[in-house]
Amino acid sequence: MASLSASDWIRAAARRLATDGVDGVRVEPLATDLGVSKGSFYWHFANRDALLEAVLDHWQRAGVAGVIAAVEDTGTEPEARLRELLRRSFHHADRGFDVGVRAWAARDERARTAAGAVDAARTDYLTRLLEDAGSPDPRRRAAVVYRTLLGEYALRQSGAAGLDEASVAALVDWSLGADDA
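Under full-length UniProt numbering, the residue at position 74 of the sequence shown is numbered 74, and the numbers go up by one with no gaps.
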């Protein structure tokens with residue numbers, strides 16, 4: 001096997017976090033998952049705590065900046081970007097990582113701080129899209145849409161079917177104030 005990068009360890013830790021929670025993120029099981037010795041881990045991280053910090057950083061970058069960049073690249077109209085953001089967010093196949101970080105945040109201040117930063121950045125971006133699209137009361141509507149999305153993540157993680165496209169489209173319409181007329 002080619003030598004592993006820190007990113008390989010972070011991705012493996014994220015998978016473990018999604019399936020087994022933060023207590024499942026341990027060096028030895030990760031090494032087994034990756035087919036390497038534990039010694040390989042220490043080339044990249046001083047200890048498990050450093051890996052967990054890197055996992056949170058990865059979640060913040062991928063879950064905010066990466067998504068925003070992808071959505072911004074899709075079009076110039078705020079409404080089109082909003083529709084793309086919600087399509088991506090509600091139809092993403094696996095949100096176990098997000099749910100795993102939130103479960104961790106319930107008992108760990110560092111994870112709670114990261115979750116708060118992610119929530120604020122996501123809500124701010126959603127609010128900006130709604131403002132740009134002319135939505136009435138964009139801050140409140142962004143909060144409702146975002147909390148609906150978090151509920152969707154939790155429900156899907158526990159085996160429920162995801163919202164269908166028509167329901168997501170109706171949520172977008174509501175967030176834009178379409179049914180206020």
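Glycine included, each C-beta is placed from N, C-alpha and C at the ideal position.
- By the criterion of at least three beta-carbon pairs nearer than 8 angstroms, the region 111-131 is in contact with the region 82-89.
- Look at residue 22 here: in three-state DSSP terms it is helix.
- The residue among 170, 33, 19 and 57 with its C-alpha nearest the C-alpha of residue 95 is 19.
- Cβ contact annotation for residue 115 (same chain, cutoff 8 angstroms, sequence separation greater than five): 101, 102 and 105, in chain order.
- At least 7 angstroms separates the beta-carbon of residue 24 from that of residue 11.
- Three or more Cβ pairs drawn from the region 56-75 and the region 107-122 lie within less than 8 angstroms of each other, which places the two stretches in contact.
- Selection 33, 108, 48 and 135 evaluated against residue 78 yields 135 as nearest (Cα-Cα).
- Each residue's CA atom was taken as its position, placing residue 6 and residue 64 some 20 angstroms apart.
- Classified as buried, residue 55 has 16 or more neighbouring CB atoms from the shown chains inside 10 Å of its CB.
- Annotation: the region 68-102 contains the following complete segments of the alpha helix (DSSP H) (minimum length 4 residues), in chain order: 78-91.
- Considered as a whole, the UniProt domain "HTH tetR-type" (3-63) harbours no complete run of any beta strand (DSSP E) with no fewer than 3 residues.
- A straight-line Cα-Cα distance of about 30 angstroms links residue 39 and residue 99.
- Taking 7 angstroms as the cut-off, the Cβ atoms of residue 30 and residue 90 do not count as close.
- Cβ contact annotation for residue 138 (same chain, cutoff 7 angstroms, sequence separation greater than five): 127, 130 and 131, in chain order.
- By alpha-carbon distance to residue 166, the top candidate from 87, 113 and 150 is 87.
- Sequence-distant Cβ neighbours of residue 51 in its own chain, meaning closer than 6 angstroms and more than five residues away, are 13 and 45.
- Beta-carbon to beta-carbon, residue 148 and residue 176 are separated by about 15 angstroms, too far to satisfy the 8 angstroms threshold.
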